[in-house]
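**Student:** The number in the numbering used here is simply the position in the sequence shown, starting from 1, with 328 added.
Even glycine gets a Cβ: it sits at the ideal position worked out from N, Cα and C.
Owing to the predicted nature of the structure, the values given are computational and were not obtained by experimental measurement.
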Amino acid sequence: MRMGVIGLMLIITHILQGSIFGFIRISDTSPNFLVMIVVSFALLRGSKEGGCIGLAGGFLYDITFGTRLGPSAIIYGLLGLICGRLHVNFYRENSILPFGCTLLGSLFVNGLVMLGFMIDGETDVMFFITEIIIPELVYTIALTLIVYKLSYFINEKLEYREKRTRNIFVP
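Structure below.
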């Protein structure tokens with residue numbers, strides 16, 4: 329049930345990212361909702377599930393937008409694993425850590441994408457930083473709290489349902 333709901337959320341986010349969210353561009357960039365979803369669920373569920381969610385989301389991204397199959401899956405999978413390591417020491421109601429992780433995660437993803445373009449010899453570094461990374465970073469950070477709160481709500485409902493199904497600590 330849990331993976332089905334999270335998978336459906338990934339698919340819906342992916343479809344919206346490629347369609348409707350493309351119309352809410354500011355300075356020719358749109359927010360990276362996949363980073364927000366991966367970071368949110370990695371912080372809420374841990375590194376294993378964060379890595380799986382990142383891998384699945386990156387794979388969807390590669391299938392739809394990528395020229396190669398696998399690079400985005402690896403990048404987002406690593407992001408989920410790294411952010412999920414903070415799950416143990418994280419107070420879920422705290423909204424500061426998701427901001428920091430989303431900021432660093434967005435820099436990590438865009439830095440690796442830029443590195444890939446540099447290896448192919450297809451990018452001007454300063455243009456990429458000033459015209460793509462910084463506007464996307466600001467836009468993504470601005471929407472992080474909304475996505476995190478939505479992910480938190482969904483996660484709480486899923487955990488409550490799992491506890492009721494297993495009859496653990498629920499009257």
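(1) Taking all protein chains shown into account, decide if Thr-392 is buried (16 or more other Cβ within 10 angstroms of its Cβ) or exposed.
(2) Give the single residue among Asn-438, Leu-478, Ser-347 and Leu-471 whose Cα lies nearest to the Cα of Met-337.
(3) What number of angstroms, rounded off, separates the C-alpha of Ile-482 from the C-alpha of Lys-376?
(4) Please report the distance separating the alpha-carbon of Tyr-389 from that of Leu-362.
(5) Apply the 10 Å Cβ neighbour rule to Ala-470 and answer buried if 16 or more other Cβ atoms are within range, or exposed otherwise.
(6) Taking the C-alpha atoms as reference points, what is the distance between Val-453 and Val-416?
(7) Do Gly-374 and Gly-405 have their beta-carbon atoms positioned less than 8 angstroms apart in this structure?
(8) How far does the alpha helix (DSSP H) with Tyr-389 in it extend, from its first residue to its last?
(9) Look at Gly-386 and Ile-402 and say whether their C-beta atoms are less than 8 angstroms apart.
(10) Can you name the residues that DSSP bridges to Ile-291?
**Tutor:** Per the coordinate set shown:
(1) exposed
(2) Leu-478
(3) 18 angstroms
(4) 9 angstroms
(5) exposed
(6) 37 angstroms
(7) no
(8) 375-392
(9) yes
(10) There is no way to answer for residue 291, as the model of the chain reaches only from 329 to 499.
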